[in-house]
């Protein structure tokens, strides 16, 4: 067998054409083309999935920290509900407290400090991404996920809680912004609890249209009476020619002690694993 | 180039194919987790997504 095999190999070698420079060059070009295609597939599809999972895990860690901090008694229970918070995930309380006035935190002064988590059930039960202070591309949007426009309001505050994220590549946090339906809920988790907003409308604007960030969007001199959330990202896909803006109106909030609202209970539970 | 690679590999066809598959997986892993993230800022810098003046 080995003799036969050797014979066949010898025959093959005899038949083989001499390797020319052009053969090698051609193979190099083809390899390069395949690499470029692989890179594009990685950048626009695979890596957004990988980064999405990483950001989801980061959000989970953040949520767990808050939960632990909430469980450790700092002061006695105030007027809040008397639910025992020692087992954070065991009891998705059937009727979470929706205490009237939402607690509003101070805007972080440190750039890239993480203070929130965005959850949008329409984008999947596993959609949960950290929100950090500032809109720096390199330090916040590329690395953490969602950035809060400095100077705009905080979750639950009267005015406009404005945030930004990539549409595609580098995580693509707001990739599915166009899939929102009017009436969809948008949740922001902070250490105090969960703020619920309802999606209202989309707007397409020029990149210079900073008035979408006003306390009353597009009305620079109006006095805010409503609590809003504004999501900005780029549009269309593969381009930064325009900005796509999604607005939501505040509904209610759920203090941490009462547990998350039923709609995102699964997402929150998955986070705390 | 690839012909030479095939000839360099030892063993019968199935061994060579398995080695090539392992090599391919290793190369893809290195690309996805090291090479691509490293070159991304140079070939495709992250776009502006915020509204600003």
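Chains as they are written, first to last, in the working numbering: chain A, 17 to 289; chain B, 1217 to 1269.
Note that CB positions come from ideal geometry on N, CA and C, so glycine has one too.
- Excluding its 5 nearest sequence neighbours in each direction, residue 136(A) has C-beta neighbours in its own chain below 6 angstroms: 143 and 202, listed in chain order.
- Residue ranges of uninterrupted beta strand (DSSP E) with 3 or more members, entirely inside the region 157-237 of chain A and ordered along the chain, are 162-164, 175-180, 201-206 and 209-221.
- Cβ contact annotation for residue 185(A) (same chain, cutoff 8 angstroms, sequence separation greater than five): 59, 60, 63 and 64, in chain order.
- In the displayed model, residue 41(A) falls within a helix according to three-state DSSP.
- For residue 147(A), the enclosing beta strand (DSSP E) starts and ends at 144-149.
- Chain A has no Cβ within less than 8 angstroms of the Cβ of residue 1227(B).
- Residue 266(A) is bridged by DSSP to 213(A).
- Between residue 236(A) and residue 286(A), the alpha-carbon positions lie close to 41 angstroms from each other.
- DSSP places residue 76(A) in the uninterrupted alpha helix (DSSP H) bounded by 63-87.
- Excluding its 5 nearest sequence neighbours in each direction, residue 119(A) has C-beta neighbours in its own chain below 6 angstroms: 208, listed in chain order.
- Ranking 179(A), 132(A), 190(A) and 277(A) by CA distance to the CA of residue 78(A) puts 132(A) first.
- Of all alpha-carbon atoms in 37(A), 267(A) and 253(A), the one lying nearest the alpha-carbon of residue 183(A) is that of 253(A).
- Residue 157(A) is positioned such that its CB atom lies closer than 8 angstroms to that of residue 1265(B).
- For the region 1226-1247 of chain B, the residues whose beta carbon sits under 7 angstroms from a beta carbon of chain A are, in order, 1247.
- Closest in C-alpha terms to residue 172(A), from the list 38(A), 267(A) and 47(A), comes 267(A).
- By the beta-carbon neighbour count (other beta carbons within 10 angstroms, threshold 16), residue 197(A) is exposed.
- Contact of residue 1218(B) with chain A by beta-carbon distance below 8 angstroms involves 43.
- Neighbours of residue 142(A) across chain B, judged by C-beta separation under 8 angstroms, do not exist; the nearest C-beta is about 21 angstroms away.
- What residue 225(A) touches in chain B, judged by beta-carbon distance under 7 angstroms, is 1267, going in chain order.
- Using a CB distance cut-off of 8 angstroms, residue 59(A) counts as an interface residue toward chain B.
- For residue 198(A), the nearest beta carbon of chain B is not closer than 8 angstroms to its own beta carbon.
- With at least 16 other beta carbons inside 10 angstroms of its own, residue 276(A) counts as buried.
- Within the DSSP bridge table, the entry for residue 130(A) names 148(A) as partners.
- With a contact defined as Cβ atoms closer than 8 angstroms, residue 261(A) and residue 221(A) qualify at about 6 angstroms.
- In the DSSP assignment, the residues bridged to residue 251(A) are 258(A).
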